[in-house]
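Residue numbers (the numbering used here): 11 to 225.
Glycine included, C-beta positions come from ideal geometry on N, C-alpha and C.
A quick note: this is a predicted structure, and the numbers were derived from the prediction, not measured.
Single-structure report; data block below.
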Ligand code: AMP
């Protein structure tokens with residue numbers, strides 16, 4: 011099964027992906043995570059994209075499609091979940107071509123809709139385990155034991171450099187210009203399912219599961 015999670019920064023794509031990966035064995039392909047790993051390891055690619063990411067801008071379609079092609083073969087599990095990709099019409103078209111050449115197709119695109127005002131609070135309160143990247147939130151999604159990651163037991167947490175209010179406003183502008191049109195693109199293909207992501211994490215989780223179980 012191939013699923014795409016679509017929505018603005020802070021809508022909960024990463025949190026729901028994490029849940030499907032841990033509890034349902036999905037492969038989770040997040041282009042943002044892949045790029046952050048490149049930046050941390052100071053690879054050529056990491057050095058190239060670091061400033062773009064810090065500024066909240068999009069990395070080029072060419073680089074993104076290359077990374078996806080390299081990672082597509084991890085798809086031996088029950089399902090593969092794409093989080094934060096595609097983000098432009100060029101990426102969506104390129105992705106379709108790559109999948110087609112492998113005899114595959116997207117089963118569903120889940121669009122996490124949420125008012126912009128809620129996103130500020132979600133982004134400003136979020137933090138990650140420094141070791142495994144697991145996402146938490148100061149109010150809505152704290153680790154079960156304070157200071158200890160539920161997943162790996164790590165005890166150091168970090169905040170993303172681009173999770174500031176100023177960067178969020180820029181990321182939202184870019185999202186509406188480049189990514190929002192994908193909603194109609196996938197609606198026309200009749201594979202788009204909208205979930206109201208301003209509901210509680212558990213309620214959203216239930217809706218995501220009902221989508222998966224319907225396949
Ligand atoms: P994310 O973790 O999905 O919020 O992505 C973090 C940053 O990585 C974005 O703000 C972009 O700079 C870059 N990025 C991740 N995925 C993509 C993509 N599909 N297209 C362009 N840039 C991306």
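**OP:** Let me know if residue 206 comes out buried or exposed under the rule of 16 or more other beta-carbons within 10 Å of its beta-carbon.
**Re:** Under this definition residue 206 is an exposed residue.
Original post:
Would you say residue 66 touches the ligand AMP, meaning its beta carbon is less than 7 Å from a heavy atom?
Top reply: Checking the Cβ of residue 66 against the ligand AMP gives yes.
Original post:
the ligand AMP heavy atoms versus the CB of residue 95: any closer than 7 Å?
Top reply: With a threshold of 7 Å, the Cβ atom of residue 95 counts as near the ligand AMP, since some heavy atom of the ligand is closer than that.
Original post:
Does the pairing of the region 183-198 with the region 94-105 give three or more beta-carbon distances under 8 Å?
Top reply: Because the criterion of three Cβ pairs below 8 Å is met, the region 183-198 and the region 94-105 touch.
Subject >> Secondary structure of residue 40, DSSP reduced to three states >> reply: When DSSP states are grouped into helix, strand and coil, residue 40 belongs to the strand group.
**OP:** Look at the alpha carbon of residue 27 and the alpha carbon of residue 93, and state the distance between them as a whole number of angstroms.
**Re:** Going from the Cα of residue 27 to the Cα of residue 93 covers about 7 Å.
Original post:
Are residue 12 and residue 79 close, meaning C-beta to C-beta below 8 Å?
Top reply: No; because the gap between Cβ atoms is not below 8 Å, this pair is not in contact.
Original post:
Looking at the structure shown, is residue 221 part of a helix, part of a strand, or coil, going by DSSP?
Top reply: In the structure shown, the three-state DSSP call for residue 221 is helix.
Subject >> Option nearest residue 42 by Cα separation, candidates 221, 175 and 171 >> reply: The shortest C-alpha to C-alpha distance from residue 42 to any of 221, 175 and 171 is the one to 171.
Original post:
If you compare alpha carbons, which of 65, 66, 45 and 64 is closest to residue 56?
Top reply: Of 65, 66, 45 and 64, the residue nearest in Cα terms is 45.
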